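Notes follow the structure.
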Amino acid sequence: MAEDGHEPASEAGHGENSERLGSQSDLLTEMKALRRQARAARHAYWFPLALFGLLICASIPFYGQRVPRGVGVVSLSLAGPTLPFLGGYPGFHERGYLAYYWIAALLGGLLATQLWYRWHARRVGLATPALVYLITTAVLTVAAIAVPPLLQLLHEPQILWPNDLVARGMFPFIIIAVGLLALAWAERSRALAVIAVIYAGAALLAGLYNVSNIMPGWTAAVNVLLPAAVLLLAAAGAFATQRWHRSAA
Amino acid sequence: MSAAQPVPPEPETPEPETPEPVPPELADGRHPTNGLDETVHQRHRLGILTITAEAQRAEFGYLREALGLTAGNLSRHLTVLEGAGMVQVEKGYSGRRPRTWVRITGQGREALATELHALTELARRHTAGHGASRG
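Protein chains in written order, with the working numbering: chain A, 902 to 1150; chain B, 3 to 137.
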C-alpha cells in the first residue's frame, strides 16, 4: 500500500476487476441453481414408468393363452397373423389377441402420457417437450404393424427377420424401451436414461431367454414380470424423488 | 463579487439495468466480457432465458415466483426480450383462467449460450486469478 493510504491505481483496478469477476461467478451460480430448480419442477416421468409397468403386467393373461394342439410348432414362414412384431407370431394364431392388446396399450399409453404431461405443465407452469417421445413410440408402433407385410414383398424376407426378438412376443417391451430413451432425452434426465437402459436390458433378456431357467419355481410369466418390476420400482423411486424435490422447493 | 449561486441538484438517474461498462484494460478483442450482451446480461432477463431454455415453455406465474419479480417488472423484461426476438409470448386460456406462456426462440438460445460461455470463462479467470494471488 502507498504511504498516503491509497492503493496504487493498478492495484485498485485489479481489486475492482476481481470483484466484478466474482459477481459474474455468482451470477453463473445463480443461473445454474435456477436451471436445476426448473428441471426438478418439470420432471414428471414417474407416471409413464408406472403406466407402462402396469400395462405390461396387464398383458400377462394374453401371454398365457394356450396354443391349440397341433399348432405348437413354431412356423418359420411369414404366413399367419400379420402382427408378429406385436406378439402375433406366425403359427400361434391365438396370440393375435396379444397383438391387438399391444396396439391398444401402446397407443392408449401414449395418449395418456401426453395428457399427463399437459396436465403437469399447467400445474407447475413448465412444459416438457414430450413430443419427441410421442413421435418415437408412435412411429415404432406403426412400423411394427407395417413392416412385416412389407417384408413379405421381398424375395427372401427371412434375411431381415428378427426371429429371436419376436419369438416370445415381447418385442413391444423393446418399443417401450426406445420410447423411454427418447423421453430421457426430452426430460434431460440422466436418471431416466439409466432406468431406460436397465429396463432395455431386462426387456432383451425377457425377449431372448426363458428367465424361469434361472429363477426356479417361477412360471413363464416371470419373463413379463421382470421388465414390469423394473418399471414399477423405478416409478416408485422417481415419484418419491420428485415429490421430495417439490416439497424441498 | 458575485454571491455563490446554489448548485441545482442533479437529476436522479435511474438505477442502470445493464452491467457497468467493461474497463478498457479488459476490453481487448479476446476478453470474455466481449461476449456479454447487454440485453441478456441483466440478471432477471438472464434468469428468464435460463428457465425458458430448460422447458418447452414456461408460464408467467412460474417465472414471477422463481425470479421473485412483480408482474409489472416481469412484463417489462419480457417486452425487452420479445423486442430483441429472444422469446415469444403466447396468451391463452386454461379453462376460464387466462394464461401467458413464454417460449425461448433459437436466437434466444444462441444468446444464452454465448452469455453463459462468457460467464464461465470469466469465472474460470476469477478462480485462476485467486489461485495465482494465493500462490
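Built from N, CA and C at the ideal position, the CB exists for glycine as well. What you are looking at is a predicted structure, and each value in this text was computed from that prediction instead of being measured.
What runs of the alpha helix (DSSP H), each 4 residues or longer, lie entirely inside the region 1093–1148 of chain A? none
Give me the Cα-Cα distance between residue 1046/A and residue 1037/A, rounded to the nearest whole angstrom. 14 Å
If we define contact as Cβ-Cβ less than 9 Å, is residue 1149/A a contact residue for chain B? no
Check whether chain A comes within 9 Å of residue 121/B, counting only Cβ atoms and requiring the distance to be less than that. yes
| Is the region 53–62 of chain B touching the region 1027–1034 of chain A, taking contact as three or more C-beta pairs under 8 Å? | yes
Against chain B, with Cβ distances strictly below 9 Å, would residue 1071/A count as a contact? Not closer than 9 Å to any Cβ of chain B, the Cβ of residue 1071/A fails to qualify, so no.
For my contact list, residue 1007/A and residue 1076/A are in at a C-beta cut-off of 8 Å; report their separation, rounded to the angstrom.
6 Å
Residues of chain B with a CB under 9 Å from the CB of residue 929/A: which are they? 118, 121, 122, 124 and 125
Extent of the continuous beta strand (DSSP E) to which residue 94/B belongs | 89–96
**Message:** Taking its Cβ as the centre, do 16 or more other Cβ atoms sit within 10 Å of residue 94/B, making it buried, or is it exposed?
**Reply:** exposed
Open item on the list: Just to confirm the assignment, what range does the alpha helix (DSSP H) spanning residue 1042/A have?
Closed with: 1032–1052
Any idea if residue 49/B is buried or exposed, counting beta-carbon neighbours within 10 angstroms, 16 or more meaning buried? buried
For residue 1018/A, the nearest candidate out of 1003/A, 1005/A and 1034/A (CA to CA) = 1034/A
Please check the pair residue 1070/A and residue 955/A, which I expect to be a contact at CB under 8 Å, by giving their CB distance rounded to whole angstroms. That belief does not hold up - the Cβ atoms of residue 1070/A and residue 955/A are roughly 18 Å apart, past 8 Å.
The alpha helix (DSSP H) spanning residue 60/B covers which residue range?
Counting along the chain, residue 60/B falls outside any alpha helix (DSSP H), though it belongs to the beta strand (DSSP E) covering 59–61.
Next on the checklist: Please list, in chain order, the residues of the region 41–61 of chain B that have any C-beta partner in chain A closer than 7 Å.
Outcome noted: Under the 7 Å Cβ criterion, the region 41–61 of chain B contributes 45, 48, 49, 52, 53, 56, 57, 58, 59, 60 and 61.
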